[in-house]
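**Student:** Residues -26 to -1, 1 to 250, numbered by mature numbering (1 follows the signal peptide of the UniProt record, and there is no 0), are exactly what the sequence shown covers, in order. All C-beta atoms in this analysis are idealised placements derived from N, C-alpha and C, irrespective of residue type, glycine included.
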Amino acid sequence: MRSMTSSSHKRSFLPALSLLFTSSAAFQAILPPTPLATTRPTTLIFLSSSPSNDVNEPSILPTVVTSPVLTAVYPALLAHISTHGHPNIPLGSADGKRCKTLRRLAFQNKITTDEMTHLTELGFRFHSLEDVYHECDFDEMMVKLRTYHEEFGTFQIPKKYEEDPELGAWVTMVRRLYRTGELPLDQVEKMEEIQFEWVSTRKCGSSFMSRYREVLERLNGAVEDGLEVEDVLSEEEELRKWIYAQKCAYENGKLSDSRIQYMNDLPGIDWRNISV
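#1: Residues in its own chain within less than 8 angstroms of Asn194 by CB, not counting five upstream and five downstream?
#2: Going by other Cβ atoms of all chains shown within 10 Å of its Cβ, with 16 needed for buried, is Ile217 buried or exposed?
#3: Using 8 angstroms as the threshold, is the segment 119 to 133 in touch with the segment 58 to 72, meaning 3 or more CB pairs across them?
#4: How would you call Pro61, buried or exposed, if buried means at least 16 neighbouring beta carbons within 10 angstroms?
#5: Locate the alpha helix (DSSP H) running through Ser232, then write down its first and last residues.
#6: Should Gly227 go down as buried or exposed, given a rule of 16 or more other Cβ atoms within 10 Å for buried?
#7: Which residue spans inside the segment 136 to 210 form an unbroken alpha helix (DSSP H) run of at least 4?
#8: Identify the continuous alpha helix (DSSP H) that holds Leu65 and give its terminal residues.
#9: Taking Cβ positions, are Val106 and Ala143 nearer each other than 7 angstroms?
#10: Apart from the five residues on each side of it in sequence, which residues of its chain come closer than 7 angstroms, Cβ to Cβ, to Val47?
#11: Mind checking whether Gln220 and Glu140 have CB atoms under 7 angstroms apart?
#12: Based on Cα-Cα distance, which residue from Tyr186, Leu201, Ser208 and Thr40 lies nearest to Asn238?
#13: If you reduce the DSSP assignment to three classes, tell me which class Pro25 lands in.
#14: Mark His108 as exposed unless 16 or more other C-beta atoms lie within 10 angstroms of its C-beta, in which case mark it buried.
#15: Could you name the residues of the same chain whose beta carbon sits closer than 7 angstroms to that of Val38, not counting the 5 residues immediately before and after it, in chain order?
#16: Pick out whichever of Met115, Arg214 and Ile234 has its Cα sitting closest to the Cα of Ala223.
#17: Leaving out five residues on either side along the sequence, give the residues of the same chain with a beta carbon under 7 angstroms from the beta carbon of Pro6.
#18: On the criterion of 16 or more Cβ atoms from any shown chain inside 10 Å, does Pro49 qualify as buried, or is it exposed?
#19: With a CB to CB cut of under 7 angstroms and the five nearest residues on each side skipped, what residues in its chain are close to Val43?
#20: Among the candidates Met183, Lys84 and Tyr122, whose CA atom is the shortest distance from the CA of Ser230?
#21: With a threshold of 16 other CB atoms inside 10 Å of the CB of Leu51, please say whether the residue is buried or exposed.
#22: Nearest CA to the CA of Glu95: which residue from Val189, Glu209, Ile55 and Glu167?
#23: Taking DSSP as the reference, what is the three-state secondary structure of Phe81?
#24: Would you please state the rounded distance, in angstroms, between the beta carbons of Asp138 and Lys164? I believe it to be under 8 angstroms.
#25: Run the CB neighbour count on residue 260, radius 10 Å, all protein chains shown included, and call it buried at 16 or more, exposed below.
#26: In terms of alpha-carbon separation, which member of Glu167, Glu136, Val173 and Thr57 lies closest to Val148?
#27: Does DSSP put Asp111 in a helix, a strand or coil?
#28: Roughly how many angstroms separate the alpha carbons of Val250 and Phe98, rounded to a whole number?
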């Protein structure tokens, strides 16, 4: 009697259970489908592969960066800043070589102004005249120099030559090193072979350069004659006053970097300590 009751209960429960599942399926059918994944905006992420870091560090590439070379080296620049406090990676690595290429591209005006501004804000060091001379291949620049001469018939290349800023800077530095006796003899001989003009005849449009050339010529002559420059300046008061005026401009922060370098090239005198 008990087993029959149990069996009867089971039979009466099955239709109810079937109805429950059927209703549940119907209810699920009217619900909106559940998304498989949430869509999020994508951000371009780069991983620094610098060998100096044990763990790859993600960095977001700014929209201002468009140059392929800068794009490739940018994560390493950030990693170097994190480790060393500046982005100037030494030359002895692949990223260091990219930095060298980047400096050269900047000097040739082949990266954008926005990129240069951004790099400057990061603390990236660009080329000086000395850097251009030391990092350029001498024979390669000689080819450029001869090509310029064939086209224009002169070696008087503007310091800021828009067509090739690197060439203008290189020629300026070669003349400066020759004037101070620091240009290697073999390079002097190669320049002599093409009858290079060691003295720039281009006018910079300033009274400073006109007077500077006179002072430089006079002091060079004194040194060549074995005279003491200090004795010459004691006798030639106008020369001394002019040099003193440049010293005062320097102390007041009114002498440009290029003019400071010109003054440093004056032989036989410490112009910063001159008095009247």
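**Tutor:** According to the data block:
#1: Once the five neighbours on either side are set aside, the close Cβ partners of Asn194 are Pro241.
#2: Ile217 counts as buried, since at least 16 other C-beta atoms from the protein chains shown sit within 10 angstroms of its C-beta.
#3: Too few Cβ pairs lie closer than 8 angstroms, so no.
#4: When all chains shown are included, Pro61 counts as buried.
#5: Start and end: Asp231 to Asn238.
#6: Exposed: under 16 other Cβ atoms inside 10 Å.
#7: 139 to 153, 159 to 167, 181 to 198 and 203 to 209, all fully within the segment 136 to 210.
#8: Careful: Leu65 lies outside any alpha helix (DSSP H) and carries neither H nor E.
#9: Yes, they are a contact pair.
#10: The residues are Asp69, Arg72, Cys73 and Leu76.
#11: Between Gln220 and Glu140, the CB-CB gap reaches or exceeds 7 angstroms.
#12: For Asn238, the nearest C-alpha among the options comes from Tyr186.
#13: With a pLDDT of only 43 at Pro25, under the threshold of 50, the placement of this residue in the model should not be trusted; the figure read from the coordinates follows. In the three-state reduction of the DSSP assignment, Pro25 falls in the coil class.
#14: His108 comes out exposed.
#15: In its chain, beyond the 5 residues on either side, Asp88, Glu89 and His92 have a beta carbon closer than 7 angstroms to the beta carbon of Val38.
#16: Nearest to Ala223 by C-alpha distance, out of Met115, Arg214 and Ile234, is Ile234.
#17: Its pLDDT being 49, under 50, Pro6 is placed unreliably by the model, and nothing is read from it.
#18: Around the Cβ of Pro49, a 10 Å sphere holds 16 or more other Cβ atoms; the residue is buried.
#19: So the list reads Arg72, Thr75, Leu76 and Leu79, once near-sequence residues are dropped.
#20: When each option's Cα is compared against that of Ser230, the closest is Met183.
#21: Answer is buried; the Cβ neighbour count reaches 16.
#22: Selected option, being the one with the closest Cα: Ile55.
#23: For Phe81, the three-state secondary structure derived from DSSP is helix.
#24: With 8 angstroms as the limit, Asp138 and Lys164 do not qualify as a contact, their Cβ atoms being about 19 angstroms apart.
#25: The shown model of the chain, from -26 to 250, leaves out residue 260, and the question about it has no answer.
#26: Minimum Cα distance to Val148 is reached at Val173.
#27: For Asp111, the three-state secondary structure derived from DSSP is coil.
#28: Answer to the nearest angstrom: the Cα atoms are 42 angstroms apart.
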